[in-house]
Amino acid sequence: MNHFSVNLMPSHFRDYNEHSSLPAHDLILRPLLLFATDCYVYGIQKNSELLQQCSHILISTRNKYKVDLNQEAIKGYEQLWNVTGWGRGSIVIVMGLEQFENLDILSYCYDPDILDNPNTGESIAAVRYSKDMAKQGKVALCLSASNGIEWMNIYASDDVLEKLYVRATKECLDSYSDTIYKPQKSKGNCLNNTFRYR
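Whatever position you read off the sequence shown (first residue = 1), add 343 for the numbering used here.
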């Protein structure tokens, strides 16, 4: 086992606007970016609208883009994190093991799982980089290219990864008992995009 996956939202919650702010942005992404040493975005087309919208926070570097972690990279850039269907490639967030272990993000994730094929829905270069970082004793978190912010793969050295997986099975939420992504009812019995936080 060189990785495992966790969902960043419950399995029943898939119908959301790419531009919307989601609980995972503040509960998971923001703490990760705060303690990250690096964050890279793969597979953005050079003339794409997405790249133009995010040009203030993305720095071109060797066939990928580095996220400028010294400025706000989530609010106003939700589409970068949310876009699905290979609208961008994978996003890899890297940090030290101690920093990751001290973060309380797994308790906001869902349904840890071990996938047979880590390349499914990912940029091959991002998977390779994530494995390289794990060999260096770091933790690499790879957000899906095909499914956006719906899940991430966690890479770490073998001895560490097993402990992290056991921790994830204890701390992660179950999609069917979720209370974070339960839409509030608005007037007229329609559902809107507000969410309940714990």
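For glycine and all other residues, C-beta sits at the position ideal for the given N, C-alpha and C.
CB contact flag (I436, F347, <9 Å): For the purposes of this step, residue 436 is identified with residue 93 of the sequence shown, where counting begins at 1. For the purposes of this step, residue 347 is identified with residue 4 of the sequence shown, where counting begins at 1. No, the Cβ-Cβ distance between I436 and F347 is not below 9 Å.
message: What does the alpha-carbon distance come out to for the pair F356 and L423?
response: Within the sequence shown, residue 356 is the residue found at index 13, counting from 1. Within the sequence shown, residue 423 is the residue found at index 80, counting from 1. Roughly 19 Å separates the two Cα atoms.
- prompt: Under the three-state reduction of DSSP, which class applies to L401: helix, strand or coil?
  reply: Residue numbering aside, residue 401 sits at position 58 when the sequence shown is read from its first letter. Here L401 sits in strand by DSSP.
- request: Closer than 7 Å by C-beta to L507: which residues in its own chain qualify, once you throw out the five before and the five after it? Chain order, please.
  value: Residue numbering aside, residue 507 sits at position 164 when the sequence shown is read from its first letter. Here the set comprises I497, A499.
message: Give me, in chain order, the residues of the same chain whose beta-carbon lies closer than 8 Å to that of I371; leave out the 5 immediate sequence neighbours on both sides.
response: Residue 371 sits at position 28 when you count from the first residue of the sequence shown. L351, I448, Y451, C452.
message: Given this structure, state the Cα-to-Cα distance separating S363 from E421, to the nearest angstrom.
response: Looking up residue 363 in the sequence shown gives position 20. Looking up residue 421 in the sequence shown gives position 78. Cα to Cα, the separation comes out at about 6 Å.
query: Using 8 Å as the threshold, is the segment 393 to 403 in touch with the segment 373 to 383, meaning 3 or more CB pairs across them?
result: no
Beta-bridge partners of S348, as assigned by DSSP: Here residue 348 refers to the residue found at position 5 of the sequence shown. According to DSSP, which records beta bridges pairwise, S348 is partnered with D456, N496.
- prompt: In chain order, what residues of the same chain have a beta carbon less than 6 Å from the beta carbon of S403, not counting five sequence neighbours either side?
  reply: Residue 403 sits at position 60 when you count from the first residue of the sequence shown. No residues qualify anywhere along the chain.
field: the segment 402 to 417 contacting the segment 480 to 489, beta-carbon criterion three pairs below 8 Å
entry: no
message: Is it buried or exposed, Y519, if we count other Cβ atoms within 10 angstroms and call 16 or more buried?
response: If you number the sequence shown from 1, residue 519 lands on position 176. Counting Cβ neighbours within 10 Å, Y519 comes out exposed, since fewer than 16 surround it.
- prompt: In whole angstroms, what is the alpha-carbon distance linking K513 and L504?
  reply: Start at 1 with the first residue of the sequence shown, and residue 513 comes out as number 170. Start at 1 with the first residue of the sequence shown, and residue 504 comes out as number 161. K513 and L504: Cα-Cα distance of roughly 14 Å.
message: With distance defined between alpha-carbon atoms, name the residue in F443, R431, D459, L440 nearest to A469.
response: Counting from 1 along the sequence shown, the entry for residue 469 is found at position 126. Taking only the C-alpha atoms, the option nearest A469 is R431.
- request: Pull up the DSSP beta-bridge partners for M438, would you.
  value: Position 95 of the sequence shown holds residue 438. Partner(s): V482.
- prompt: If you draw a straight line from the alpha carbon of S487 to that of S433, how long is it in whole angstroms?
  reply: Sequence index remark: in the sequence shown, residue 487 carries index 144 (1-based). Sequence index remark: in the sequence shown, residue 433 carries index 90 (1-based). So the alpha carbons of these two residues sit roughly 5 Å apart.
- prompt: Hey, quick one: how far does the beta strand (DSSP E) through K409 stretch, first residue to last?
  reply: Within the sequence shown, residue 409 is the residue found at index 66, counting from 1. It spans 407 to 410 - the beta strand (DSSP E) in which K409 sits, taken as one unbroken run.
- prompt: Using a threshold of 8 Å, is the CB atom of N445 nearer than that to any non-hydrogen atom of the ligand MN?
  reply: This structure lacks the ligand MN; in fact it carries no ligand of any kind.
message: Can you find the residues in the same chain that come closer than 8 Å, C-beta to C-beta, to L376, ignoring five residues on each side of it along the sequence?
response: On the sequence shown, residue 376 is found 33 positions in, with the first residue counted as 1. Excluding sequence neighbours, L376 sits near C382, V410, L412, A416, I417, I436.
task: Using alpha carbons as the reference points, say which of S473, W494, N462, L440 lies closest to N425.
output: Counting from 1 along the sequence shown, the entry for residue 425 is found at position 82. Measuring from the Cα of N425, the nearest candidate turns out to be W494.
message: Looking at P374: is its Cβ nearer than 9 Å to the Cβ of I523?
response: Translated into the one-based positions of the sequence shown, residue 374 becomes position 31. Translated into the one-based positions of the sequence shown, residue 523 becomes position 180. Result no, Cβ atoms of P374 and I523 do not sit closer than 9 Å.
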